[in-house]
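A.B. asks:
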Amino acid sequence: MLHRHPVLGILTVAYLAFVGWVTLTPQPYDGRTASVLERFLDFFARHDATDWITFDRVEAAANVVMFVPVGLFFVLLFGRRLWFVAIIAGALFSVGIEYFQLEFLPSRVADVRDVLTNTAGTILGVLLGLVLSWPKARRISRDRRAVSEAQRTRRLAS
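Each residue of the sequence shown is one higher than the one before, counting from 2 in the working numbering.
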């Protein structure tokens, strides 16, 4: 799999390392980031139309968005036929992150909701990968049928 797609393999490993860095560092937010996030959330809390935008919802959305590329990379790496393996791999990656946070990072909070939102992002990424690769899959299928038909015609002619 990696030998057939070395660039995709490198990009996948690099992105997984980035996700690991984001999720497995002791402090999720520095002072500046927390300040910007607090101002952002305070602004939205002051308006009736946007008071539903809370820290928990922003964090959940960020988890989904962060794992969309995980699903996309995995389905492109494993292939369309193994789409379910891509989802399982993304879910297991998320479980591993949460377990590591629980056991080794007291400053982080391990939460099953993170596994659910991360897996949702993985599923969206897999779906995106399937949609984006669909034209190529159709073309390959059409070409295989044409070759098969040509071989059958050749056998009948001889």
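Quick reminder that beta carbons are idealized off the backbone N, C-alpha and C, glycines included.
Does the Cβ-Cβ distance between S95 and P27 come in under 8 Å?
C.D. replies: Result no, Cβ atoms of S95 and P27 do not sit closer than 8 Å.
A.B. asks: Where does the unbroken alpha helix (DSSP H) through D43 begin, and where does it stop?
C.D. replies: Residues G32 to A46.
A.B. asks: Give the straight-line distance between the Cα atoms of V59 and V65, rounded to the nearest whole angstrom.
C.D. replies: C-alpha separation (whole angstroms): 10 Å.
A.B. asks: Under 8 Å between the Cβ atoms of T120 and G97?
C.D. replies: Result no, Cβ atoms of T120 and G97 do not sit closer than 8 Å.
A.B. asks: Please report the residue range of the alpha helix (DSSP H) in which S95 lies.
C.D. replies: It spans W84 to F105 - the alpha helix (DSSP H) in which S95 sits, taken as one unbroken run.
A.B. asks: Roughly how many whole angstroms lie between the Cα atoms of V127 and D31?
C.D. replies: Cα to Cα, the separation comes out at about 32 Å.
A.B. asks: Could you spell out the range, first to last residue, of the alpha helix (DSSP H) harbouring W22?
C.D. replies: It spans P7 to L25 - the alpha helix (DSSP H) in which W22 sits, taken as one unbroken run.
A.B. asks: Tell me the DSSP secondary structure of D112 in three-state form.
C.D. replies: Three-state result, D112: coil.
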